Structure formats: C-alpha cells, structure tokens
Amino acid sequence: MTLGRPAPAANKGLFFRRWLRNPLQMGSIIPSSPALSRRIAAAVERGSDEYVLELGAGTGVISAALLAAGVPAEKLIVVEIVPEMAEFLRQSLPGVNVICGDAFDLKAALPAQMHGRIGTAICGIPLVLLPLERQAAFRDAVEAVAPGRGFLLYTYCATSPLPYRKLELTARRMAFTPANFPPASVWRYRPTRVPQTAAMHHA
1 MTLGRPAPAA
11 NKGLFFRRWL
21 RNPLQMGSII
31 PSSPALSRRI
41 AAAVERGSDE
51 YVLELGAGTG
61 VISAALLAAG
71 VPAEKLIVVE
81 IVPEMAEFLR
91 QSLPGVNVIC
101 GDAFDLKAAL
111 PAQMHGRIGT
121 AICGIPLVLL
131 PLERQAAFRD
141 AVEAVAPGRG
151 FLLYTYCATS
161 PLPYRKLELT
171 ARRMAFTPAN
181 FPPASVWRYR
191 PTRVPQTAAM
201 HHA
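Here the UniProt record's numbering is used: the first residue of the sequence shown is 1, the next is one more, and so on.
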C-alpha cells in the first residue's frame, strides 16, 4: 500500500545534531535504511482498533515505512522527548499522533484512552547502552500502556542486546538486515508473565 503523501526526507543534519546532544537517546548517527524500516513494519502486530507506538523515531524514516505498510496515520503514535524533533515529526507526518514526552514514563505521556490499545511498541532507543535498572524501567513503561504485548527493538548487536532472562522477558530475533549500515537486527521481547487482562483481551 502506498499512501498519497511523500515519505519524510531523512534529514541527516537534524538527526546528527540530535545524536550529538544525547547519544544515549539514539542508536545511530544516521537514519535507518529502507530495508530495515520494511523489516520492522513487517513485524508489526495490530488489531483494527489498536495503535502502533514508536519510541525513538529519529526523523521519521521508520514512521513513514509503517504508514506505507498500511498503518493508518491516526493509529500511529510517536513519542519524542526533544521538542525540536517532535515539531519536525509533526510537520513531516501529518495526521500522526506525535507526543512530546518521555518513553520511560508512557503512562503519563500517552492519553488514557490509548492505554491498553497498543498492538505493537517499537523501540529505537539504544537500550543496550543503559544499565539494567533503566532497561527494566523501559520494560515497565511499555507494560503500563501495553500489558502483555512487549516490544520490538531494532539494534546493531549480533546477539540479543538485552539480558532478557534477567528482565523476565522472552526474546526472538525477527529479522536480520545486512543491507543496513551498520547491519541490524529486529528483536521481539515479550513478558514471561502475561497479565490476566491481556490474556483475556487476546483470547
């Protein structure tokens, strides 16, 4: 499916400046490749009434791939902590829910009506660089708004970037993209203990 709008340009200057300010909030100094973006979009799970949540969207390259793959703009949520980047994404992605907020506090960042209605959360934050307690905080933030669903994480690590057993998660590599620079993988993590409400919702 191709939408009747151009994909946002990969504004490398803005992306690089954003990375220079805080490398721990972005996984690379260059935007993700089209090949990686397509692999991520292909791994998305979403019911007709559910949203896709993207965290660490950069300049919106993966957001554009999600839209091109058929995610309606009104069902895509992008959370960006830097106001300048959030404004860039609003201009580049008309109709998308761009929220200037903290990916580690999604319960506060997302409107209440979106809680429990996230089909897939996608993480572009380099969690591998963070200590275990911050990784656990991210897991809990996603769990607060998408109970039982876990998240997709794209990474440049050859093996699982997260100590998933310590985080009480299961891990599965969904894709490997050597065409990306550097080569990247897409991992799906899910909580090992699914909340009763999530089990009922997806029964």
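Glycine is no exception: its CB is placed at the ideal position from the N, C-alpha and C atoms. As the structure is a computational prediction, the values presented were derived from the model and not from experiment.
- The C-beta separation of G148 from L55 comes to about 18 Å, leaving the pair out of contact by the 8 Å criterion.
- Ranking A158, R134, G58 and T170 by CA distance to the CA of E80 puts G58 first.
- Of I77, Q91 and V96, the smallest CA-CA separation from D102 is found for I77.
- Boundaries of the alpha helix (DSSP H) around M85: P83 to S92.
- Linking W187 to R173 through their CA atoms gives a straight-line distance of about 4 Å.
- Distance between L153 and A144, taken at the CA atoms: about 17 Å.
- Assigned with DSSP and collapsed to three states, A184 falls in strand.
- Non-local C-beta neighbours of R165 in its own chain, meaning closer than 7 Å and more than five positions away in sequence, are absent.
- When beta bridges are read from the DSSP output, A171 appears opposite Y189.
- The Cβ atoms of P161 and L110 lie no closer than 8 Å to each other.
- Between the beta-carbon of V52 and that of I122 there is about 7 Å, and that keeps the pair under the 8 Å contact cut.
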